[in-house]
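Just so you know, the working numbering puts 125 at position 91 of the sequence shown, and the rest follows in order with no gaps.
Since the structure comes first, as structure tokens, the remarks are kept for the end.
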Amino acid sequence: MNNDIERVLYSREQIHQVAQKLGQELTTEYAGKNPLIICVLKGAVLFTTDIIREMDVYADLDFINLSSYGNETISSGEVQLTKDLDADVTGRDVLVIEDIIDTGRTLKFLVDLLQRRDVNSVKVCTLLDKPAGRLVDIKADYIGFEVPNEFVVGYGLDYAERYRNLPYVGILKPAIYEHK
Ligand SMILES: O=P(O)(O)OC[C@H]1O[C@H](OP(=O)(O)OP(=O)(O)O)[C@H](O)[C@@H]1O
Ligand SMILES: [Mg+2]
Numbered sequence: 035m036n037n038d039i040e041r042v043l044y045s046r047e048q049i050h051q052v053a054q055k056l057g058q059e060l061t062t063e064y065a066g067k068n069p070l071i072i073c074v075l076k077g078a079v080l081f082t083t084d085i086i087r088e089m090d091v092y093a094d095l096d097f098i099n100l101s102s103y104g105n106e107t108i109s110s111g112e113v114q115l116t117k118d119l120d121a122d123v124t125g126r127d128v129l130v131i132e133d134i135i136d137t138g139r140t141l142k143f144l145v146d147l148l149q150r151r152d153v154n155s156v157k158v159c160t161l162l163d164k165p166a167g168r169l170v171d172i173k174a175d176y177i178g179f180e181v182p183n184e185f186v187v188g189y190g191l192d193y194a195e196r197y198r199n200l201p202y203v204g205i206l207k208p209a210i211y212e213h214k
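Here it is as structure tokens:
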């Protein structure tokens, strides 16, 4: 699996450090607010479990499954909701945890959904931001790292469901997806 990686961008240690820093900031942001933390499946699973352990606040945790890439490296353009939240979000202060914001379509879909359901507030924390990929106008409030306009995998991020279990974020060798 490691041989399929062209270059490591962020090591497990670097990710741990950034999760600690963001967790402290989120502890301040949500002190006394009992936020609902939403993990966007599947990619954000690893980052969510890191970040919530760095937040010293009472919080609820829920999961939503949104998908638009399938087995490709380019967004299908259509975001599918394959598992909805369990919680009633009305009036809640919501913190969305994402692994990456690329075109921005997934996040826009989710923020619009939460606003239609009358949340009190919504903020977004993402491990990675790829601003060069953006096709819709949306931004995260808390960002771990900015990544170049390349297809990255690891630490939750997949290509065709593989590589999520890499303990670092790296650029996938283009040969892996160009000659499939
Ligand atoms: O900004 P965008 O272009 O919408 O891309 C970002 C989204 O795409 C990926 O999800 P994917 O659809 O691959 O589902 P997965 O998390 O199950 O891999 C990623 O985990 C983000 O949720
Ligand atoms: Mg994916």
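Virtual Cβ for every residue (Gly too), placed ideally from N, Cα, C.
In terms of residue numbering, what span does the alpha helix (DSSP H) encompassing residue i cover?
| i | result |
| --- | --- |
| R150 | 139-150 |
Just curious, the beta strand (DSSP E) that residue i is in, first and last residue?
| i | result |
| --- | --- |
| I135 | 127-135 |
From the DSSP output, read off the bridge partner residues of residue i.
| i | result |
| --- | --- |
| V156 | V128 |
| D20 | The requested residue 20 is not part of the displayed model; the chain covers only 35 to 214. |
Can residue i be considered in contact with ligand 4, in the sense that its beta carbon sits closer than 7 Å to one or more heavy atoms?
| i | result |
| --- | --- |
| D133 | This structure lacks ligand 4; the ligands present are ligand 1 and ligand 2. |
Inside the stretch 167-213 only - beta strand (DSSP E) runs reaching at least 3 residues
176-180, 203-206
Residue ranges of each beta strand (DSSP E) within the stretch 40-123, 3 or longer
70-75, 94-101, 114-117
Are there three or more Cβ pairs, one per stretch, closer than 8 Å when the stretch 46-59 is compared with the stretch 178-185?
yes
Would the stretch 81-90 count as touching the stretch 102-112 if we require 3 or more Cβ pairs under 8 Å?
no
Contact set, ligand 2 heavy atom to C-beta under 5 Å
Y103, D192
Does the stretch 119-135 come close enough to the stretch 84-103 to have 3 or more Cβ pairs within less than 8 Å?
yes
Three CB pairs or more closer than 8 Å across the stretch 92-101 and the stretch 63-71:
yes
Are three or more beta carbon pairs between the stretch 110-128 and the stretch 147-162 nearer than 8 Å?
yes
With three or more beta-carbon pairs closer than 8 Å as the criterion, would you say the stretch 137-145 touches the stretch 158-174?
yes
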